[in-house]
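Take 1 as the starting number for the sequence shown in UniProt numbering and just add one per residue. Heads up: the structure comes next, in structure tokens.
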Amino acid sequence: MGWREFLKIRPSGRTDSSTSPSPSLPAADTTNSDATTPVTSSHSSPEANVTTEHSTPRDLWDEAYVILSREDPKLKQRYEEIVLIQDKINREPSQNNLAPAGSYQREEQLRQIAKSKVEEIDLATWQPKIGSHSVDVGGGFDNAVKIVVAAKEFVSSAVSSEPHAALAWAGVCIFLPLLLNPSEQNSAAHEGLEAAPLAVRRLRVMERLIRPGKSGLTRSSYHPDSLELVKDFEDAAIDLYKTILEFQIRLARQYSDNWAKRYGRDVFKADDWTGLTSRIKSLEVRCTEIAQDLSRERIESALQVSESNMQRGLHEVQQELKKTMGGIEQQTMMQSAWRQTDEERKCVQLFRQSNSYENQKGRTPRRVLETGKWFLENDKFLDWRENEGPDLLWLSAKPGSGKSVLAKTIIDEGLAISSHQKQSAVCYFFFKDISPYQRSAHSAISAILHQLFSAFPSLVQHALMPYQLNGKELLHLFDKMFGILCQAATDPTVGQVVCILDALDECSDEDRFSLIEAITNFYHKANNSSSVDKQPKLKFLLTSRPYSHIHAQFHDLMKEAPTIHLSGDHESERIKDEINLVIDVSIPKLAAERGFDEKATKYLLEELHTVDNRTYLWLSLIMDEIRLSERPANKRELKKIISGLPRSLVDTYNKILKRCRHPGLARQLLHIILGAREPLTVDDMKIANALASDFEYRSYDEIGIERSDAFEMRIKNACGLMVTIDHGFVFLIHQTAKEFLIKNDDATQNGETWKHSFSPLDSEILLAKVCITLLSFTSFAETPLTIDDDDDEPHKRVTEYVENDAFLKYAALNWLEHSDEANLDDNEEWVPSMLSLCSVDNPAFRTWYAVYQGLTDNFLPWEMTSLNIAAECHFWNVLASLLESGEDPNEPDGCGATPLARSVQFSKRAVELLLDANADINAQGWEEPWYNKLDGPGSEVEVKPFAGTPLVMAVFGGDLEIVEYLIKRGAEINFPPHSALTPLYAAYITGAADDQSKMTEMFRLLLRSGANPCFEVKDEDWPVEVTLLHNAAMDEDPWILSILLGSETTDVNFQLRELPSNVPMEGNDPTEGQSSVDGGRSPSNKRTLSQNGSDSDSGRGASGSSGDEDSEVGSEVDDNALVPDNDSSSGFNYYDHQSDSSHSTHPSLNKDHMVGATALHLAVRSECVENVKLLLEHRADPHIKNANGYTAMDLALELTPTENSGDDTTLTTIKAEMIELLEKYSHVSSDGFSGTVGMLE
């Protein structure tokens, strides 16, 4: 662990010291003079900061800065620019300029700049002998540690305790890196750089003890002579502070690259540095002498305590450095020795996904000091933090409780790990219901992997194999990515991996289910594992609202481990107390900004404390309400303000919107924000708002030019506090604001204007129309964007094209989805515009489609037809218009799909239109092979999106009406020949995941229509022509087999025949075609086909039939065979946990047993007792021999334990049950029996 992290969590070493009053200075109630102990906020009571009854202490830093500013205004201005640049370099800046001097916002902004710079420091890298076996912690290193400790004290204390020193400390922290390289500056400058921050620290101690107001005393408590000395001290301190500020500005001019680039470097001679440094030291001596004259004993005692604490902090760093040097050296050598290959770098970049997961955390506000303790001091959190093994903690709390602020605090302040945990990685993702990326669990795990591999580059080796096998598809495989995370967390290079996932309730429902299931399964498995050494060193901290459906997923695990849940509902009183603390700190500052007098401030504090339903969000909105109020600053007017203040969050939102001066504009803007698929920029909003007001615009020139800052002000004036603008993007203030606005089934308006008054459909319609209007601009047709096949950088071309056209990128990427959701195809007025954009020969189509292809990992191919665009997006009236105009209904697109194949899952009307236009009802898409392998042997395969015929696609869609209609219109039921993807086989694949009752009806419909369960198909991994009957016989779940056996077309005794050597097997090139990323529109049907190969001494290939003699082995082919995974409970997305199933010795798949096998043979060898019973009950002949001369009884007698078997006891039981069944049905014979064994049930 770096020293930055060590300093974040190292105890400050506070001590209490009581002091005696001096003769000249009354004893203040100050029992702790240690500079490391934060002083209680002077705003905790209205009287706390007064010097007399109606005045405040002199602000020495402010006076020093004013004097310096008068002497050289440009110098001051340029220095502030340098400080602000550091803010932008090191973190997300809170605003574009430094806040006004003297304001709380400025103090907080500067303190955060200082904090960012301190957090960059890793003291281990300052050690001159880092990487060797010796450790030198003397000299300049000691001074560096002292200065970092002093800076740390400042940035971790309340701003109100020493507010106006913020500029000086910001400067100190910015120039800390100069301590690393003394040779880069004059020795006198370096001496001053060391002296200044320590002087500020010591003066801070003295000010607290002797100045009225600072010490808790008023001027009336002082002897007149003492007051004169106090004034002398303050004047000397101002002079010292002015000199320190001048010194820092000179440093900026001399050594800042940013200054040099903008203004040129100053030439500041050695004598000048010596003079400034000497003046700093002499003025500090002068201040110390005056302070000691006032109270020598107290001053000396306090300075000794402060120095003692400083030395103790230094000693802790020295000892920790010595203790961990070996580990740091080892890890440094390991990481430096690791040089990522190009492939590894591409793999890491893949997980970035061109998205900034940091932004959402950056938008989350920081906590007020001393808040969040209800969670941070809770035993459950502390136990979770200290645990070095696998762990899980779920924090649930109501909206506005500060969950996201807590998550940010734990990350930024290094609270996720304890001080003794080394080489740890803290990764995070903040879910937010603002875009598909921020709602996705895939995005979350991808972001975590990117952070982990960036911190520990060597860990990327755990992702290389999945990356090589899947490429970009890896981002869509949640289980694979989660497995990579777990595997990487077992690597000895990393001490611990901590994953913080905030706002689970804002993750999409399906993704959240998968994510929680994966995490809870991981936790259960890890904590029940006997192998402690191999457990992933992985911990999760999750936050969400206390929703019942989320609680239900954790329910079983919480019964087993109650400590995984920390409920904020049980801490409501502590949360209220902390909100009171924020009120006590923030309101006096707000009152000072507004100029409220003491009585008004006290009244405001009392009133806010009486609100029962107060939350952090409510308080923030209330403070903004008061800040924006135009009433005079006195108690009477304040009472009017308070009487109108809302008492709950809902009331707050209502009041904000009811105050809108332009409700029509506000409603239009909010519709755009609510309907947008992702946050829009101010410029995007400007164009969208103009088009929403008038759909007749046909160019940017017609809209005109409105400055971005002017439109930003219009947004704020119209929507008030309901929206916030951050880094040029427009957001709602909070997720609760969205819930307040959107209409839902359970909500009633109760006559209110705004609450639940926004229909999502209305927002979709508006956005669809706006997008279509923009894409119809004449400029895009006149100068269309075209991408050639030989263009090496299409993404760059597209990015350059759209960068100057606001809203174009959003419209091109989202108009299809908005139009589909809005059912805009039913609006006759808009069909012509949609038809124009769907016509591939139209220049406007080429522009938006090139943007769409160039900027997304989409599910549509580059080569597209007009009819396929309409079919894919469910634009049935557009499709009808295109057919009327003569478009070819059988022209396939780049995926091999015909319009009929894209329509059969969604609309019977579209199917009718296409068939009436002579669409080929049996047209095939990708025929060979019909699936993609997503991983190595024994893993997952995925059906290609348009493999098979339209009837196959309709079966995958599960619509019985459309399937029946296609059959009536002449769709072939046992087609295509030589393909394993017949309609019946498609039902079998789909049946693994779909509702059984629904799929039972599908099977019966197909069987009634003539589907043959013994229809022979060929597959690259089988040496025989396989049938669905034989596949079903090997499934542990017998429900499909039972349906097949109830059909008249089923020959229960059908025997497998050898695949002729002269017939090409399907899919000799398994890499041919494209992987199926279909965006959720086309079917992505997955069923694990375990390649359980035979022993190396087994062969396949004999043609066989029932008989006594063995058949010869014909041609040698692959020993592996595909059989359905027996686990049919997990849906399409099975996950094979076998590390290498290619070496499986499952006897049912040995070559000698396959040729000539009946379903009964395979059921016996698969150890499926229920299937054996079903087959025998349906008159399966146990006497039939396979090509090797084995009957089913022979195979049962030879059963031996395999990888698929359970323990010996289980196998013995299975074996006995099957032998008993075979003996019971031994009288059954196929002689004279036709094989038709029953009617369809």
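Cβ atoms here follow ideal geometry from the backbone N, Cα and C, with glycine treated the same way.
- As computed with DSSP, leucine 542 is found in a beta bridge with Trp394 and Leu501.
- As the crow flies, the alpha-carbon of serine 1229 is around 51 Å from that of histidine 524.
- By the neighbour-count criterion, in which 16 or more other beta carbons inside 10 Å mark a residue as buried, tyrosine 547 falls on the exposed side.
- At the C-beta level, isoleucine 587 and methionine 623 come within 9 Å of one another.
- In this chain, valine 878 is not harboured by any beta strand (DSSP E); it is covered by the alpha helix (DSSP H) spanning 876 to 884.
- Cβ contact annotation for threonine 778 (same chain, cutoff 8 Å, sequence separation greater than five): Arg698 and Ser699, in chain order.
- Within the DSSP secondary-structure output, glutamate 891 pairs in no beta bridge.
- Around the Cβ of threonine 520, a 10 Å sphere holds 16 or more other Cβ atoms; the residue is buried.
- Residue Ala1157 holds the alpha-carbon nearest to the alpha-carbon of proline 1023 among Thr288, Leu449, Ala1157 and Ser693.
- Here proline 399 is not near leucine 638, since their CB atoms are 9 Å or more apart.
- In the assembly as shown, glutamine 468 is an exposed residue. Its beta-carbon has fewer than 16 other beta-carbons within 10 Å.
- Assigned with DSSP and collapsed to three states, leucine 1056 falls in coil, not helix or strand.
- Of all alpha-carbon atoms in Thr799, Cys873, Asp857 and Lys1215, the one lying nearest the alpha-carbon of threonine 847 is that of Thr799.
- Judged by DSSP in its simplified three-state form, glutamine 311 adopts helix.
- For the pair histidine 662 and alanine 692, the CB atoms are not nearer than the 9 Å cut-off.
- Histidine 565 has Trp394 as its beta-bridge partners, per DSSP.
- Selection Lys422, Leu721, Arg286 and Arg797 evaluated against glutamate 625 yields Leu721 as nearest (Cα-Cα).
- For lysine 242, the number of other beta carbons within 10 angstroms of its own is at least 16, and it is reported as buried.
- Secondary structure note for isoleucine 725: it is in no alpha helix (DSSP H), and the uninterrupted beta strand (DSSP E) holding it is 723 to 726.
- Glutamate 228 places its beta carbon 9 Å or farther from that of arginine 211.
- One thing to note: threonine 1050 has its Cβ within 9 Å of the Cβ of leucine 1044.
- The secondary-structure analysis by DSSP pairs threonine 681 across a beta bridge with Phe729.
- Ranking Val611, Thr783, Asp701 and Val348 by CA distance to the CA of tyrosine 801 puts Thr783 first.
- With 16 or more other Cβ atoms inside 10 Å of its own Cβ, valine 582 counts as buried.
- Note that the C-beta distance between valine 730 and leucine 680 is below 9 Å.
- DSSP places phenylalanine 429 inside the beta strand (DSSP E), whose first and last residues are 424 to 430.
- For glycine 991, there is no enclosing alpha helix (DSSP H), as DSSP gives it neither H nor E.
- Nearest in C-alpha terms to isoleucine 448, of all of Ile280, Glu517, Ala489 and Lys686, is Ala489.
- Among the bridge pairs identified by DSSP, valine 1024 is matched with Glu1058.
- Within the stretch 624 to 661, the complete alpha helix (DSSP H) segments at least 4 residues long are 635 to 643 and 649 to 658, listed from N- to C-terminus.
- In the displayed model, glutamine 353 falls within coil according to three-state DSSP, outside both helix and strand.
- The count of Cβ pairs closer than 8 Å, one atom from the stretch 1177 to 1197 and one from the stretch 1153 to 1169, reaches three, so the stretches are in contact.
- Counting other Cβ atoms within 10 Å of its Cβ, glycine 886 stays below 16 and is therefore classed as exposed.
- Proline 843 and isoleucine 772 have their C-alpha atoms some 14 Å from each other.
- If you look at asparagine 527, you'll find it in the alpha helix (DSSP H) that goes 509 to 527.
- Ranked by how close their Cα comes to the Cα of cysteine 507, the residues Cys486, Leu501, Arg439 and Val1017 have Arg439 in first place.
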